[in-house]
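See below for the structure under consideration.
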Amino acid sequence: MSAESRLATLTSWRSDWSGLRVAVLGLSMTGFSVADTLTELGADVLVVSESAEQEYADLLPVIGARFELGSLAEVPESLSDFAPEVVMASPGFSPTHPVIRWAQESGIAIWGDIELAWRVRDKVTRADGTPADWVLITGTNGKTTTTQLTASLLVEGGLRAAPCGNIGVPVLDAVRDPEGFDALVVELSSHQLWYLGQSSVEGQLFPHASVCLNLADDHLVWHGSAQAYRDAKAIVYRNTRVACVYNKADEATRVMVEEAEVVDGARAIGFDLGIPGPSDLGVVEGLLVDRAFLDDRATSALELTTVADLQSVGLAAPHIVQNILAASALARSLGVEPEAIHAALQSFRLDEHRIQVIALHAGITWVDDSKATNPHAAASSLRAYPGAVWVVGGDLKGVDIADLVASVGSTARAAVVIGVERTSVVAAFERHAPGVPVFEVDAGETGHVMNRVVEIAAGIVDGEGTVLLAPAAASFDQFSSYADRGHRFAEAVRDWIDRGSADDAGRTPPTV
Numbered sequence: 261m262s263a264e265s266r267l268a269t270l271t272s273w274r275s276d277w278s279g280l281r282v283a284v285l286g287l288s289m290t291g292f293s294v295a296d297t298l299t300e301l302g303a304d305v306l307v308v309s310e311s312a313e314q315e316y317a318d319l320l321p322v323i324g325a326r327f328e329l330g331s332l333a334e335v336p337e338s339l340s341d342f343a344p345e346v347v348m349a350s351p352g353f354s355p356t357h358p359v360i361r362w363a364q365e366s367g368i369a370i371w372g373d374i375e376l377a378w379r380v381r382d383k384v385t386r387a388d389g390t391p392a393d394w395v396l397i398t399g400t401n402g403k404t405t406t407t408q409l410t411a412s413l414l415v416e417g418g419l420r421a422a423p424c425g426n427i428g429v430p431v432l433d434a435v436r437d438p439e440g441f442d443a444l445v446v447e448l449s450s451h452q453l454w455y456l457g458q459s460s461v462e463g464q465l466f467p468h469a470s471v472c473l474n475l476a477d478d479h480l481v482w483h484g485s486a487q488a489y490r491d492a493k494a495i496v497y498r499n500t501r502v503a504c505v506y507n508k509a510d511e512a513t514r515v516m517v518e519e520a521e522v523v524d525g526a527r528a529i530g531f532d533l534g535i536p537g538p539s540d541l542g543v544v545e546g547l548l549v550d551r552a553f554l555d556d557r558a559t560s561a562l563e564l565t566t567v568a569d570l571q572s573v574g575l576a577a578p579h580i581v582q583n584i585l586a587a588s589a590l591a592r593s594l595g596v597e598p599e600a601i602h603a604a605l606q607s608f609r610l611d612e613h614r615i616q617v618i619a620l621h622a623g624i625t626w627v628d629d630s631k632a633t634n635p636h637a638a639a640s641s642l643r644a645y646p647g648a649v650w651v652v653g654g655d656l657k658g659v660d661i662a663d664l665v666a667s668v669g670s671t672a673r674a675a676v677v678i679g680v681e682r683t684s685v686v687a688a689f690e691r692h693a694p695g696v697p698v699f700e701v702d703a704g705e706t707g708h709v710m711n712r713v714v715e716i717a718a719g720i721v722d723g724e725g726t727v728l729l730a731p732a733a734a735s736f737d738q739f740s741s742y743a744d745r746g747h748r749f750a751e752a753v754r755d756w757i758d759r760g761s762a763d764d765a766g767r768t769p770p771t772v
């Protein structure tokens, strides 16, 4: 049997995976979950990686996988000698990576962890013998919040559900959970979706419901172009069985749904902050309502919650309300009642570093939205906090920040620019928002950058206003992660408060 023919038979945990030669690229949390799953299935697994946490490296021989640590700037001889039938790549490996190109040119199947998880999703089934339904979530901004929201709504509605995927819990770990689930809420990055785009017919997903929350330029270096990034995102809707949820305020998501090949009977469900149509969710006079999942949707609507109730629990920022509407649509597609949605929202809290108010002191509100790692996310934050002192900059990932500065940057009281790519950010302000004062924090101040940011911002605010960390960029130029960036910002704010610097908040700002 040819390798292609054999792979076509591997569509169940109970298929014969024994002896299948699989090369796993990368030993992150995802890479280890792949190796662990495949060795449990009886496959012959070789893991190759340029780096590895010691815990994972020590466990590989225990589970029965081989491991080679070394450069992947070119294809290692050990990998070519292994002659894998499948190459499984961690999401960080771009389409232009030498090993990915080698696999493509050699005709070797390329899978991601999501495809493998779908193929073996029947390891644990529900009482009726069927595996969990999958709900897929992607978008440039808001994926994690919407994934967490959706899982919370499903659980409140009486379903066993788990958030997984790009959110930090590998989907393979969820699939292998011995307790099993009724639904898996899977956050997908554009990288994971690109790998799904390489799958054969047998590896394609058939989700119960799916959503692309929004689309704006991001990860252009990884994908090579804005069109390639868009095409990857659109894969989320492929083969959807029940509900294709899209953002009525984002034309690109509607077009994705229109162009998607879906299962007959799947419905398009829109959401936005306006009055909903008969197949939409939206907002009417301060009420979040559903006009999609009820019999009399032509003339009626179901109340889900109110903006006032969301305000009381810190969930009323416009982009968060959009996330709530999208999550509600996904949950309603699985039968969750409006009362359960309302109850779940009263106890839901946003993650750290997502428009998180970290301090209110001496008239200054300090807000950490370090998770705003692209312009689209930062724009949402700036609209939620108009007139804020905006802390911006970092690794721009090939994205031009000029449109962001032109559209909402001019609403900022001032900008404090960080990161190694400050020149293009400062130039964008000079061209598109010349009335906004701009202050730079030199890249050489890494390690103390946030202390300097806080000192400058406090001087600008002059005892009354908001300071917003919404970098519109990745963090890896100066920090280990967006979380590290947010934590250092919070620490610097606390240090400033402890030093009693509030008395100095009215000093003259530094010279531009």
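Residue numbering for the sequence shown is 261 to 772, as defined by my numbering. Beta carbons are placed, not taken as given, at the ideal position from N, Cα and C, and that holds for glycine. All figures in this text were calculated on a predicted structure; none of them were measured in a lab.
{"Asked": "Over the uninterrupted alpha helix (DSSP H) stretch that includes Asp744, give me the two end residues.", "Found": "742 to 758"}
{"Asked": "With 16 as the cutoff for other CB atoms within 10 Å, does Asp764 come out buried or exposed?", "Found": "Residue placement at Asp764 is poorly supported in this model, since its pLDDT is 49, which falls under 50; the coordinates still yield a value, given next. Exposed, by the Cβ-count rule."}
{"Asked": "What residues are listed by DSSP as bridge partners for Gly530?", "Found": "Tyr506, Asp540"}
{"Asked": "What residue range does the beta strand (DSSP E) around Met348 cover?", "Found": "346 to 349"}
{"Asked": "If you draw a straight line from the alpha carbon of Glu315 to that of Ile427, how long is it in whole angstroms?", "Found": "21 Å"}
{"Asked": "Is it the case that the Cβ atoms of Arg682 and Pro578 are separated by a distance below 8 Å?", "Found": "no"}
{"Asked": "Identify whether Phe327 lies in helix, strand or coil by the three-state DSSP scheme.", "Found": "strand"}
{"Asked": "Contact between the stretch 369 to 384 and the stretch 454 to 467: three or more CB pairs below 8 Å?", "Found": "yes"}
{"Asked": "Taking C-beta to C-beta, are Ala576 and Thr410 nearer than 8 Å?", "Found": "no"}
{"Asked": "Only counting the same chain, and skipping five residues up and downstream in sequence, which positions put a Cβ closer than 6 Å to that of Leu267?", "Found": "Ala369"}
{"Asked": "Roughly how many whole angstroms lie between the Cα atoms of Asp477 and Ala486?", "Found": "6 Å"}
{"Asked": "Could you tell me which uninterrupted beta strand (DSSP E) segments, each at least 3 residues in length, are contained entirely in the stretch 537 to 617, listed from first to last along the chain?", "Found": "540 to 544, 547 to 550, 562 to 566"}
{"Asked": "Hey, which unbroken runs of the alpha helix (DSSP H) at 4 residues or more fall wholly within the stretch 616 to 662?", "Found": "635 to 644"}
{"Asked": "Skipping 5 residues on each side, what residues in its chain have a beta carbon closer than 6 Å to that of Thr500?", "Found": "Pro467, Ser470, Val522, Ala526"}
{"Asked": "State the Cα-Cα distance for the pair Asp246 and Ser331, rounded to the nearest angstrom.", "Found": "In the structure displayed, the chain extends from 261 to 772; residue 246 sits before or after that span and is not available."}
{"Asked": "Since Glu700 sits in a beta bridge, which residues does DSSP pair it with?", "Found": "Val677"}
{"Asked": "For the 8 Å Cβ check, are there 3 or more pairs between the stretch 294 to 308 and the stretch 406 to 424?", "Found": "no"}
{"Asked": "Would you mind working out which of Ala662, Val665, Ile535 sits nearest Leu548, comparing C-alpha positions?", "Found": "Ile535"}
{"Asked": "Can Ile242 and Thr405 be called in contact, C-beta distance under 8 Å?", "Found": "For residue 242 there is no data in the structure shown, the boundaries of the chain being 261 and 772."}
{"Asked": "What would DSSP say about Thr398, mapped onto helix, strand or coil?", "Found": "strand"}
{"Asked": "For Val431 and Glu447, I'd like the C-alpha separation in whole angstroms.", "Found": "9 Å"}
{"Asked": "Consult DSSP for His357 and reduce its assignment to one of helix, strand or coil.", "Found": "coil"}
{"Asked": "Please state whether DSSP places Trp277 in a helix, a strand or coil.", "Found": "coil"}
{"Asked": "Measuring CB atoms only, is the stretch 629 to 642 touching the stretch 596 to 609, in the sense that at least three cross pairs come out at less than 8 Å?", "Found": "no"}
{"Asked": "Quick check: the stretch 273 to 293 against the stretch 378 to 390, are at least 3 beta-carbon pairs closer than 8 Å?", "Found": "yes"}
{"Asked": "Would you tell me roughly how many angstroms separate the C-alpha atoms of Ala730 and Ser366, rounded to the nearest one?", "Found": "43 Å"}
{"Asked": "If you draw a straight line from the C-alpha of Thr768 to the C-alpha of Gly719, how long is it?", "Found": "Its pLDDT being 45, under 50, Thr768 is placed unreliably in this model, and the coordinates cannot settle the point."}
{"Asked": "Quick one: which unbroken beta strand (DSSP E) runs of 3-plus residues sit fully inside the stretch 421 to 502? Chain order, please.", "Found": "421 to 425, 443 to 447, 469 to 472"}
{"Asked": "With 16 as the cutoff for other CB atoms within 10 Å, does Leu620 come out buried or exposed?", "Found": "exposed"}
{"Asked": "Locate the alpha helix (DSSP H) running through Ile370, then write down its first and last residues.", "Found": "Counting along the chain, Ile370 falls outside any alpha helix (DSSP H), though it belongs to the beta strand (DSSP E) covering 369 to 371."}
{"Asked": "Terminal residues of the continuous beta strand (DSSP E) containing Asp304?", "Found": "304 to 312"}
{"Asked": "If you run the structure through DSSP and keep just helix, strand and coil, what is Gly669?", "Found": "helix"}
{"Asked": "Have a look at Asn401, Pro358, Asp437, Gly399 and flag the residue whose alpha-carbon is nearest the alpha-carbon of Thr385.", "Found": "Asp437"}
{"Asked": "In angstroms, rounded to a whole number, what distance separates the CA positions of Glu751 and Pro358?", "Found": "41 Å"}
{"Asked": "Tell me which residue opens and which closes the alpha helix (DSSP H) that Gly291 is part of.", "Found": "289 to 301"}
{"Asked": "With contact counted as at least three CB pairs below 8 Å, one residue from each stretch, are the stretch 388 to 408 and the stretch 320 to 337 in contact?", "Found": "no"}
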